[in-house]
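Engineer:
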């Protein structure tokens, strides 16, 4: 059966009921990958702190590059392994740095991942979080150039994919953090995480993903299961290294050497939470007339098809329905044939 | 390079078709800086009679 390449997006930092926590959309990604035969998704979907999984039908692509794929600017090249380098924010305390280095060593020794080397930034990144539980997670870093310089250093040493670990402010007792841990709010740091990885993707054009370095936090007996993956161990680095270990290469288009596994013209559908239709990948998909599958997945946004009236949009109640639509698209089954009532075919009339 | 996170309010006129909306937004954001991240976070129908919509964009720009 032919594949039906599908992009699966769960925007970071909008408090999605599914996927707004710690890799809690990963099972959904596996379902949609099985349905489509080829799923392209981003670290926010796949990274569950210490937990993650490889799937031969899933391309792990950072959000900025995912948008570029949807726009038709890049293609993807499947690889057996990436040579990973890690950028550590110089603001990370030495004990936490050692914890991360031991995790990297563990991923080499236990999982067989090629983690090649690391570099510490010349200056602290200085993360500034701009978030409260009522709006989307956002923020910046004050020293973006030191991040990019560190990435260039790794690439010059032969690294082909980059993990970034940034020090985040100790806000473990903050209201936003506790609300998030109990499954009720926006992940307060995820917006800045996206900015950090977007900078590497934009300026260095290699696979990348980010893990935050946080101080150990107090036990919370009211922890939501969806946030539980971030409570295992001292770092969130394993899922990033697993994801990057065979993340596809970014191939700039037009490309003449033919080493392309997935061309953007092959993409047929985008799956996105209802209310989150305002992202660049979705708008690029609409430009190309792709199928947009809008899934009820409660979040804080309300950018819906009510404002677009896009005809190739399917609104569904859950990801199980989305999987069914993808299978129908993949098999070339007319969706109207499965719905009732079934209309008679229309007669056409000549314009003149 | 300095980053800033901002909210930008844009009028979406009826003359801009949906399939041209992304490029329309980008053209406005690029006047303000190098675009790192953006998305439409809110849309409202305008109360005027021209069918214009008002977009709220959250963006991170570099200057």
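Protein chains in written order, with our numbering: chain A, 1 to 352; chain B, 1 to 63. Note that beta-carbon positions come from the ideal geometry of N, C-alpha and C, so glycine has one too. From a predicted model like this one, the values you see are computed outputs, not experimental measurements.
Which one or two residues does DSSP pair with residue 276 of chain A in a beta bridge?
Structural biologist: The residue you call residue 276 of chain A lines up with position 276 of the first chain. Bridge partners of residue 276 of chain A: A:303.
Engineer: I think residue 89 of chain A touches residue 39 of chain A, with their Cβ atoms under 8 Å apart; what is that distance to the nearest whole Å?
Structural biologist: By one-based count along the first chain, residue 89 of chain A stands at place 89. By one-based count along the first chain, residue 39 of chain A stands at place 39. Their Cβ separation, rounded to whole angstroms, is 31 Å, which puts residue 89 of chain A and residue 39 of chain A out of contact at 8 Å.
Engineer: Keeping to the same chain, check which residues put their C-beta closer than 8 Å to that of residue 187 of chain A; ignore five residues upstream and five downstream.
Structural biologist: Counted from its first residue, the first chain places residue 187 of chain A at position 187. Same-chain partners within the cutoff: 12, 13, 15, 20, 21, 137 and 180.
Engineer: Would residue 53 of chain B pass as an interface residue toward chain A - the criterion being a Cβ-Cβ separation below 8 Å?
Structural biologist: Within the second chain, the letter at position 53 stands for residue 53 of chain B. So, interface residue.
Engineer: Measure the Cβ-Cβ separation of residue 84 of chain A and residue 163 of chain A and say whether it is below 8 Å.
Structural biologist: Within the first chain, the letter at position 84 stands for residue 84 of chain A. Within the first chain, the letter at position 163 stands for residue 163 of chain A. Cβ atoms of residue 84 of chain A and residue 163 of chain A: closer than 8 Å.
Engineer: Closer than 9 Å, Cβ to any Cβ of chain B: which residues of the stretch 8-33 of chain A, in chain order?
Structural biologist: Flagged, chain order: 11 and 14.
Engineer: Would you say residue 48 of chain B lies against chain A (beta-carbon separation less than 8 Å)?
Structural biologist: On the second chain, residue 48 of chain B is found 48 positions in, with the first residue counted as 1. Cβ-Cβ to chain A under 8 Å: no for residue 48 of chain B.
Engineer: Select from A:317, A:278 and A:238 the residue whose C-alpha is nearest the C-alpha of residue 104 of chain A.
Structural biologist: For this step, residue 104 of chain A is matched to residue 104 along the first chain. Closest option to residue 104 of chain A, Cα to Cα, is A:238.
Engineer: Under three-state DSSP, which class holds residue 388 of chain A?
Structural biologist: Lying before the first or after the last residue shown, residue 388 of chain A is absent from chain A, which here runs from 1 to 352.
Engineer: Just to confirm the assignment, what range does the alpha helix (DSSP H) spanning residue 244 of chain A have?
Structural biologist: Here residue 244 of chain A refers to the residue found at position 244 when the first chain is read from its first residue. Segment 237-245, the alpha helix (DSSP H) holding residue 244 of chain A.
Engineer: By the three-class DSSP mapping on this structure, what secondary structure does residue 37 of chain B have?
Structural biologist: Within the second chain, numbered from 1, the residue matching residue 37 of chain B stands at position 37. Here residue 37 of chain B sits in strand by DSSP.
Engineer: Which residue's Cα is closest to the Cα of residue 206 of chain A: A:212, A:17, A:273 and A:158?
Structural biologist: Taking the first chain and counting its residues from 1, the one referred to as residue 206 of chain A is at position 206. Taking only the C-alpha atoms, the option nearest residue 206 of chain A is A:158.
Engineer: Counting only beta-carbon separations shorter than 8 Å, does residue 19 of chain B have a partner in chain A?
Structural biologist: One-based indexing of the second chain puts residue 19 of chain B at position 19. It does: the Cβ of residue 19 of chain B has a partner Cβ on chain A nearer than 8 Å.
Engineer: Please name the residue or residues paired with residue 249 of chain A in a DSSP beta bridge.
Structural biologist: Within the first chain, the letter at position 249 stands for residue 249 of chain A. In DSSP, residue 249 of chain A forms a bridge with A:77.
Engineer: With DSSP collapsed to three states, give me the class of residue 348 of chain A.
Structural biologist: Here residue 348 of chain A refers to the residue found at position 348 of the first chain. Correct three-state label for residue 348 of chain A: coil.
Engineer: Given a cut-off of 8 Å, decide if residue 32 of chain A and residue 6 of chain A are closer than it, judged by their beta-carbon atoms.
Structural biologist: On the first chain, residue 6 of chain A is found 6 positions in, with the first residue counted as 1. On the first chain, residue 32 of chain A is found 32 positions in, with the first residue counted as 1. Taking 8 Å as the Cβ cut-off, residue 6 of chain A and residue 32 of chain A qualify as a contacting pair.
Engineer: In its own chain, which residues sit with a C-beta less than 6 Å from the C-beta of residue 315 of chain A, not counting the 5 before and 5 after it?
Structural biologist: Counting from 1 along the first chain, the entry for residue 315 of chain A is found at position 315. Result list for residue 315 of chain A: 294, in chain order.
Engineer: Any idea which residues DSSP pairs residue 77 of chain B with across the strands?
Structural biologist: The question about residue 77 of chain B has no answer, for chain B in this structure spans 1 to 63.
Engineer: Is the Cβ of residue 314 of chain A closer than 8 Å to any Cβ of chain B?
Structural biologist: The residue given as residue 314 of chain A occupies position 314 in the first chain. No, residue 314 of chain A does not count as interfacial toward chain B.
Engineer: Using a Cβ-Cβ distance cut-off of 8 Å, determine whether residue 202 of chain A contacts chain B.
Structural biologist: Reading the first chain from its first residue, position 202 is the one you call residue 202 of chain A. Answer yes: the Cβ-Cβ gap between residue 202 of chain A and chain B drops below 8 Å somewhere.
Engineer: Check the Cβ-Cβ distances between residue 350 of chain A and every residue of chain B, and say whether any is below 8 Å.
Structural biologist: The residue labelled residue 350 of chain A in the question sits at position 350 within the first chain. No - not a single Cβ of chain B is within 8 Å of the one on residue 350 of chain A.
Engineer: State the CB to CB distance for the pair residue 32 of chain B and residue 44 of chain B, rounded to an integer number of angstroms; the pair is presumed to be in contact (CB under 8 Å).
Structural biologist: Locating residue 32 of chain B in the second chain gives position 32, counting from the first residue. Locating residue 44 of chain B in the second chain gives position 44, counting from the first residue. Rounded, the Cβ-Cβ distance is 21 Å, inconsistent with contact.
Engineer: Output yes if chain A places a C-beta closer than 8 Å to the C-beta of residue 29 of chain B; else output no.
Structural biologist: For this step, residue 29 of chain B is matched to residue 29 along the second chain. Not one chain A Cβ lies under 8 Å of residue 29 of chain B.
Engineer: I need the boundaries of the alpha helix (DSSP H) containing residue 198 of chain A, first residue and last residue.
Structural biologist: Working through the first chain from its first residue, we reach residue 198 of chain A at position 198. That run of the alpha helix (DSSP H) goes 190-204.
Engineer: Who are the near neighbours of residue 152 of chain A in its chain, counting only those whose CB is closer than 6 Å to its CB and skipping five residues on each side?
Structural biologist: Position 152 of the first chain holds residue 152 of chain A. Within the same chain, residue 152 of chain A has no close Cβ partners at all.
Engineer: Taking DSSP's pairing of strands, which residues face residue 210 of chain A in a bridge?
Structural biologist: Within the first chain, the letter at position 210 stands for residue 210 of chain A. Bridge partners of residue 210 of chain A: A:164.
Engineer: Could you pull the start and end residues of the alpha helix (DSSP H) that residue 64 of chain A belongs to?
Structural biologist: Taking the first chain and counting its residues from 1, the one referred to as residue 64 of chain A is at position 64. Note, residue 64 of chain A: alpha helix (DSSP H), 63-71.
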